[in-house]
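First residue of the sequence shown: 250, per the working numbering; consecutive thereafter. Remarks on the structure that follows.
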Amino acid sequence: MGLNQPQPNRIGLFGGAFDPPHLAHRALAEAAIDQLQLDALHVLPTGDAWHKPRGLSAANHRLAMTQLAFADLAHAQVDPLEMQRTGPSYTVDSLAALRSRFPQASFFVVMGADQAANFTTWHRWTEIAQWAQLAVADRPLEQQAGSAPHEWHNPELTRCVHLRLPLIPLSATDIRSRCAKGLSLDDALSPAVIQYIQQNHLYTDQHDRSL
Ligand code: ATP
Numbered sequence: 250m251g252l253n254q255p256q257p258n259r260i261g262l263f264g265g266a267f268d269p270p271h272l273a274h275r276a277l278a279e280a281a282i283d284q285l286q287l288d289a290l291h292v293l294p295t296g297d298a299w300h301k302p303r304g305l306s307a308a309n310h311r312l313a314m315t316q317l318a319f320a321d322l323a324h325a326q327v328d329p330l331e332m333q334r335t336g337p338s339y340t341v342d343s344l345a346a347l348r349s350r351f352p353q354a355s356f357f358v359v360m361g362a363d364q365a366a367n368f369t370t371w372h373r374w375t376e377i378a379q380w381a382q383l384a385v386a387d388r389p390l391e392q393q394a395g396s397a398p399h400e401w402h403n404p405e406l407t408r409c410v411h412l413r414l415p416l417i418p419l420s421a422t423d424i425r426s427r428c429a430k431g432l433s434l435d436d437a438l439s440p441a442v443i444q445y446i447q448q449n450h451l452y453t454d455q456h457d458r459s460l
């Protein structure tokens, strides 16, 4: 960044497997940018996600789909930082890297309620909580989509902002299985992401262990 360019003051980090990126991810990103008045939201597709038990789709596909999903969202930038790292992806490392690039900025780590509920199991979570505010959106319980939001109120999380977002009963897991069954995904994914999935024959095998 050149010396004369304005430096961002408020920076969000939004990590995920994005396998695939769906419309709830997009709505959460929009809510974060608007409600936190972010100058920049770094959307960070994870490399080797330590907290996901299944194998993920190839990094190049997830990165390409994430770029398509967020291409036209002002202030969002897809950042391949975590994919370029070898070994597990840790938010604390991404935050440290962005803090050293933008030492004067305020940081927000954006997530859904399911992630907030287990945030205190994240690698070096106390440092994340010290350096950034958490911004959390409610998310429907997976088994009862559309019903109660996840209970994420974690007494250890003091500096936590609640993002206003309608409950959106979408998950990438459900989308992968619908895709394998050949069901419509128009309500769940952007047209560009649907086209990418079709062209690259992703999520077609119902017996694939990644479903
Ligand atoms: P999977 O079903 O494969 O576990 P996912 O749908 O949870 O995937 P991720 O890429 O793991 O998607 O999620 C990235 C971030 O987006 C997480 O912080 C997650 O809580 C949030 N998120 C995903 N879906 C929703 C949703 N429907 N409502 C609110 N937040 C969501």
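Even glycine gets a Cβ: it sits at the ideal position worked out from N, Cα and C. Source: prediction; values computed, not measured.
Collapsed DSSP secondary structure at residue i in the structure displayed
i      : result
Pro440 : helix
His310 : helix
Gly395 : At Gly395 the pLDDT is 45, less than 50, meaning the model places this residue with poor confidence; the figure from the coordinates comes in the next sentence. Correct three-state label for Gly395: coil.
Ala266 : coil
Arg259 : strand
Phe356 : strand
His274 : helix
Given residue i as reference, the closest of the options once Cα atoms are compared
i      : options                : result
Ala360 : Phe263, Thr375, Pro257 : The displayed chain sequence assigns Met, not Ala, to residue 360. Nearest C-alpha to Met360: Phe263.
Where residue i falls, given that 16 or more other Cβ within 10 Å makes a residue buried
i      : result
His291 : buried
Thr315 : buried
Asp387 : buried
Pro270 : buried
Thr335 : exposed
Thr295 : buried
Gln392 : With a pLDDT of only 45 at Gln392, under 50, the local geometry of the prediction cannot be trusted, and the value read off the model is given with reservation. By the neighbour-count rule (16 or more Cβ atoms within 10 Å), Gln392 is not buried but exposed.
Ser396 : Reliability of the predicted coordinates at Ser396 is poor, the pLDDT of 43 falling under 50, and the value obtained from them is presented with this limitation in mind. Flag for Ser396 reads exposed.
Sequence-distant residues of its chain with Cβ nearer than 8 Å to residue i (five each side left out)
i      : result
Leu272 : Ile417, Leu419, Asp436, Ala437, Leu438, Ser439
C-beta atoms of residue i and residue j nearer than 8 Å
i      : j      : result
Trp380 : Leu344 : yes
Leu317 : Ala441 : yes
Val341 : Ala365 : no
Chain-order list of residues whose beta-carbon lies under 7 Å from that of residue i (same chain, five-residue window excluded)
i      : result
His310 : Asn449, Leu451
Chain-order list of residues whose beta-carbon lies under 6 Å from that of residue i (same chain, five-residue window excluded)
i      : result
Ala394 : Only weak support is given to the placement of Ala394: the predicted model assigns it a pLDDT of 45, under 50, and the value that follows is read from those uncertain coordinates. For Ala394, where only same-chain residues beyond five positions count, the Cβ hits under 6 Å are Pro418.
Leu305 : Ala266, Asp268
Phe319 : Val292, Ala325, Val327
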